[in-house]
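Each number in my numbering comes from the position in the sequence shown (counting from 1) with 75 added on.
Yeah, the Cβ is synthetic: ideal placement off N, Cα and C, and Gly gets one too.
Since the structure is predicted, the reported quantities are computational estimates derived from the model, not experimental observations.
Everything below concerns the one structure shown next.
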Amino acid sequence: MIRSKWSFPLQIVPIILCAAFLLILPESVRSQAVSATLSGKITDASGGSVAKATVTASNLATGFSRSAQSSDNGEYAIRALPAGEYKVVVEFSGFGKQTKNITLQVGQAAELGFTLSPGEMVQKVEVEATAELAEPTRTQVSTVITENQIVNLPVNGREFIDFALLSPAVTIG
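Shown next as structure tokens:
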């Protein structure tokens with residue numbers, strides 16, 4: 076059998092074409108992007124990084140929003156944001172909330188840094204309790220069995236009807 080000196084290189088041609096296609100493909104896909112990326116660094120007043128801060132970008136026209144959390148070195152990135160005008164809010168416990176506006180274009184990779192200043196500590200404690208109301212016009216004996224009583228009182232066999240025995244007007248007979 077006679078071999079041609081060109082047979083080996085011709086077998087490599089499809090592999091080279093596939094490799095070239097794969098190298099060109101990411102650039103053509105990137106040129107078709109219809110969204111933008113917003114990234115930046117969050118620092119405190121002394122220049123130190125603020126980790127775990129919440130960054131929220133809200134589109135002013137549509138209300139669409141996307142959030143991210145800053146990394147340990149204070150960096151954040153919010154990808155796949157449709158083009159438009161955004162309000163970007165950064166919040167972190169112990170620091171004041173900071174807001175900036177930015178307009179993002181199609182395919183843009185914008186950087187927006189924030190420097191947070193110490194804010195007032197806000198703690199909210201909410202206590203909710205309801206008192207049983209007395210009805211002065213009623214002369215009947217009645218009892219209200221609360222959820223706390225149902226959960227905490229020991230009842231033989233956990234029969235709900237046994238809770239009726241808690242009322243002063245009920246007798247066993």
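Using only the alpha-carbon positions, how far apart do residue i and residue j sit?
i: Gly171; j: Ala185; result: 23 Å
i: Ser106; j: Val200; result: Reliability of the predicted coordinates at Ser106 is poor, the pLDDT of 49 falling under 50, and the value obtained from them is presented with this limitation in mind. Roughly 52 Å between the two C-alpha positions.
i: Leu179; j: Phe167; result: 24 Å
i: Pro229; j: Glu203; result: 25 Å
i: Asp119; j: Ile177; result: 21 Å
i: Ile225; j: Glu160; result: 55 Å
i: Gly232; j: Glu222; result: 17 Å
i: Ile247; j: Thr214; result: 23 Å
i: Ile90; j: Ser110; result: 33 Å
i: Phe96; j: Ser146; result: 36 Å
i: Ile236; j: Thr212; result: 28 Å
Taking the alpha-carbon of residue i as reference, which of the options has the nearest alpha-carbon?
i: Gly182; options: Thr212, Ser168, Pro157, Phe235; result: Pro157
i: Gly169; options: Gly122, Val216, Cys93, Ala128; result: Ala128
i: Ser121; options: Glu234, Ser192, Ile247; result: Ser192
i: Lys175; options: Asn148, Thr212, Ser145, Leu135; result: Leu135
i: Ala244; options: Gly232, Asn223, Val226, Val216; result: Val216
i: Gly138; options: Ala94, Val163, Leu187, Asn227; result: Val163
What does a CB cutoff of less than 7 Å around residue i pick up in its chain, not counting 5 residues either side in sequence?
i: Gln86; result: none
i: Ile220; result: Phe238, Leu241
i: Gln173; result: Val165, Phe189, Leu191
Which stretch, first to last residue, makes up the beta strand (DSSP E) that contains residue i?
i: Glu186; result: 184-186
i: Pro157; result: 150-157
i: Phe238; result: No beta strand (DSSP E) contains Phe238, which DSSP labels as neither H nor E.
i: Asn231; result: First-last for Asn231: undefined, no H or E at that position.
i: Leu113; result: 110-119
i: Thr190; result: 189-191
i: Gln173; result: 173-179
i: Thr131; result: 129-134
i: Ala143; result: 140-144
Apart from the five residues on each side of it in sequence, which residues of its chain come closer than 6 Å, Cβ to Cβ, to residue i?
i: Val130; result: Ala143, Tyr151, Val165
i: Gly123; result: none
i: Asn148; result: Ser124
Could you spell out where the alpha helix (DSSP H) holding residue i opens and where it closes?
i: Val226; result: 222-227
In its own chain, which residues sit with a C-beta less than 8 Å from the C-beta of residue i, not counting the 5 before and 5 after it?
i: Gly194; result: Gly169, Phe170, Gly171, Lys172
i: Ser140; result: Thr131, Ala132, Ser133, Asn134
Flag residue i as yes if its beta-carbon sits less than 8 Å from any beta-carbon of chain D, otherwise no.
i: Glu222; result: Included in the structure is just one protein chain, with no chain D present.
> Should the region 152-167 be regarded as contacting the region 109-116, the criterion being three or more beta carbon pairs within less than 8 Å?
Replying inline: yes
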